[in-house]
Amino acid sequence: MSKIYLEKVSLENAKEEYFKIFKDYFVETENIKVENSSGRVTGEAIYAKRFGPHYYASAMDGIAVKASNTYGASKTNPLMLKKGLDAVIVDTGDPIPEGFNAVIKIEEINDEGDFYIIEKSATPWQNIRAIGESVMKGQLMFPVNHMIRPYDVGALLEAGVKEINVKKKPLIGIIPTGDEIIPPNQEPEKGQLVDFNSTIMKLYGEQWGAKVSITEILPDKYEDLKKKVLDEVEKNDILVIIAGSSAGREDYTEKILNEVGRVIVHGINIMPGKPVILGIIKGKPVIGIPGYPLSALLNYYIFVRTLVYQMQSLGVPEMPYINAVVRRKVPSQVGLEEFLRVNLAFIEGEYVAVPRKRGSAAMESLVNADGIMPVPEKSEGIGIREKVKIYILKPISSISKNVLFIGSHDYSLDILVNEIKSQKLGFDFNIQSVGSMGGLMSLKRGECHLAGAHLLDPQSGTYNKTYVKEILSDKKVTMVNLIWRQQGLIVPKGNPLGLEKIEDLSRPDINFINRQKGSGTRVLLDYWLNKKGIPSKSIRGYEREEFTHTAVAAAVANKSADVGLGIKAAADAMDLDFIPLLEERYDFIIPTDFLQDTRMKKIIEVISSEKFKNQVIALGGYRTDNTGEVMS
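Going by this note's numbering, the sequence shown opens with residue 162, and the numbers climb by one from there.
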């Protein structure tokens, strides 16, 4: 059943071809109570059924008077108005008594027994709400295809409208598929993956104004899936099938669509999200999307969101965006429109976009992103200093205050992030873990506010200073200590292979997991190997790299590696054993000018606090003697 691969078309052509088919595909209407209409779209024009207000009403607390009786009143010539005859007390909203045509505010009168004393004359109809001031009976309040807002509901109730005709919510049916997929309420075993795609799609669909249902998870059985597809097409306006859209032997979506409907497009030149299927069954849109979460969400956003708005006769809102500069070359494959997750920082008077990890499965890269950067299909990527459009995922007011950290991974950074939030310091501390050298290079390019490093100079035995001088020779920077931490061998509980020292890594029975090039841990390992004359090719697994201490520890915990080099906190977090080899210094490297920034001052206050230090020490394998101190 597999095929070579999908015939890929451009995103613009796919959208044009598919949406054109459904340009006249609209939902029906229904009558609902006005109180329940916020967020719904009018199905017909709505007219006021009464005046609002329907009587002359006082707009103030005060006294109702005849304006002509007040002429000539002044501070030098106060007038006395007889209570009940010349003036009647009224509150805001009270009807104006017959024969009276003005209201004087309560603070502008003096109460003297049977009289009110005024020192200012009134003009006719002052402080009086006219009949129909808000709305006139029979007036058009809202045309067809108007989305009702909360304050629209109030206006409708004032105008005597109790029920309105609205578009029905589009019904989206979601069918999750796959033998390895289990519901979110089950604990996964090896070889099982939790279906969270369906829940995300349900929440987004409801946000766009649809009603969403999720079926049970369907295994990869052709006849069962075919029957469920036909059942769900009858019940829903849009059907989404998760997974099964590629060209594997158990990817049945295309065959089912061709058998009971029609495939319009299979494969689009986008990344992530290439193997999407756009089809039609019984006149209804059926979309097969990849199982990888970022591919699934991108296709769902592009196609299902548009259909939901289009079916309600609404224009599709454009995602908010800003223009930002890219300070590094970002390569991309010609012929693919790529959507990269980025962090944003306001540095040196402009917004700077810094790409995060690529890949269709890396949800973390989306969760911690500030925006999405499209890379055009016909380009080879983004050039240095090129200005690009970034679709933002957070309010611009938040993004402009972000502090962006790029550098080596450490658990104490998570504590810092949480403390900044819990203390409501007014900004976010965003992290990209790329290794010590990567952090210094980002700081050199002006992509971040500060970096983090633990780079040992084997010649001098000092940390960071040599590398900072070499890489950041054209910048004034200051090193502030974050922590001291233990580096060593992370091994399974009980250390079954009896590992004790670096030399043990070259044993033929040992499977090692390494850190990526440029990380401080990798620099340290290579220094030790060189010092002890151990060739890297003698270590099984030397070429296999991970980007964080947590990932190294996870590999050991899951028995895909026997040992890794990392920090004690990572071993403790995974309930592994740890063989200490070295205590190393981890510093913040900060542009000296940024030290005077209020945000940086607050960060140093946080890390210098006893609360922060105690939390770090509790992780295990840390020392905070110099935390917050300027080291160089």
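All C-beta atoms, glycine included, are put in the ideal place defined by N, C-alpha and C.
Buried or exposed for residue i, going by 16 or more other Cβ atoms inside 10 Å?
i: P331; result: buried
i: Q593; result: buried
i: L660; result: buried
i: I700; result: buried
i: Y166; result: A caution first: Y166 carries a pLDDT of 46, below 50, which makes its placement in the model unreliable, though a value can still be read off. Burial call: exposed.
i: R201; result: buried
i: D313; result: buried
i: I651; result: buried
i: E580; result: buried
i: E259; result: exposed
i: T753; result: exposed
i: Y383; result: exposed
i: F773; result: buried
i: K389; result: buried
i: G510; result: exposed
i: M162; result: Because M162 carries a pLDDT of 35, less than 50, the predicted location of this residue cannot be relied on, and the following value inherits that uncertainty. With fewer than 16 Cβ atoms within 10 Å of its Cβ, M162 is classed as exposed.
i: K164; result: In this prediction, K164 scores a pLDDT of 43, lower than 50, which makes its location untrustworthy; the coordinate-derived value is nonetheless stated afterwards. That one is exposed.
On the three-state DSSP scale, how would you describe residue i?
i: V652; result: strand
i: L332; result: strand
i: A612; result: strand
i: A730; result: helix
i: H427; result: strand
i: P344; result: coil
i: R606; result: helix
i: V195; result: helix
i: K630; result: helix
i: M162; result: Summary for M162: the model assigns pLDDT 35, below 50, so the residue's position carries little reliability, and this model does not support an answer.
i: Q300; result: coil
i: R760; result: helix
i: T284; result: coil
i: F773; result: helix
i: E707; result: strand
i: V314; result: helix
i: N229; result: Correcting the residue identity first, residue 229 is Ser in this sequence and not Asn. If DSSP states are grouped into helix, strand and coil, S229 belongs with the helices.
What are the start and end residues of the alpha helix (DSSP H) that includes residue i?
i: N691; result: 681-693
i: I182; result: 172-182
i: Q798; result: The structure shown has nothing for residue 798, since the chain only spans 162 to 793.
i: V578; result: 572-583
i: A514; result: A514 -> not in any alpha helix (DSSP H); beta strand (DSSP E) instead, spanning 511-516.
i: L527; result: 524-528
Quick one, which of the options has its alpha-carbon nearest residue i's?
i: K155; options: I417, L317, K363, R488; result: For the chain, the structure presents residues 162 to 793; residue 155 sits outside this window and is missing.
i: G599; options: K550, K236, F708; result: F708
i: K562; options: M792, S569, K548, G587; result: G587
i: R760; options: I543, I402, F507; result: F507
i: E541; options: D272, D575, E499; result: E499
i: V576; options: V515, L501, A730, V713; result: First, the amino acid is wrong: residue 576 is Ile here, not Val. Minimum Cα distance to I576 is reached at A730.
i: V791; options: R746, A712, D687; result: R746
i: H615; options: N591, V777, F590, I644; result: I644
i: E280; options: Q287, W286, N271; result: N271
i: N787; options: F773, L658, D635, S769; result: S769
i: T231; options: W369, R784, E511, I265; result: I265
i: M524; options: A457, P311, Y482; result: A457
i: K548; options: K698, D687, P535; result: P535
Could you give the C-beta distance for residue i and residue j, rounded to a whole number, given that I count them as a contact under 8 Å?
i: G702; j: A715; result: G702 to A715, Cβ: 15 Å. No contact.
i: I292; j: P345; result: With a Cβ gap of about 57 Å, I292 and P345 do not count as contacting.
i: V447; j: A371; result: Going by Cβ atoms, the distance from V447 to A371 rounds to 15 Å, so no, they are not a contact pair.
i: L726; j: Q648; result: 7 Å
i: G789; j: I765; result: 5 Å
i: G452; j: A404; result: 3 Å
In the DSSP assignment, find the unbroken beta strand (DSSP E) run with residue i in it and report its ends.
i: I483; result: 482-487
i: P478; result: Where P478 is concerned, there is no enclosing beta strand (DSSP E), given that its DSSP letter is neither H nor E.
i: Q593; result: 590-594
i: S374; result: 372-375
i: N132; result: This structure cannot settle anything about residue 132, because the visible part of the chain is limited to 162 through 793.
i: E661; result: Here E661 belongs to no beta strand (DSSP E), and DSSP marks it neither H nor E.
i: D738; result: 738-752
i: K548; result: 547-553
i: E273; result: 270-273
Hey, is residue i's beta-carbon within less than 9 Å of any beta-carbon in chain C?
i: K266; result: No chain C appears in the structure shown, which is made up of a single protein chain.
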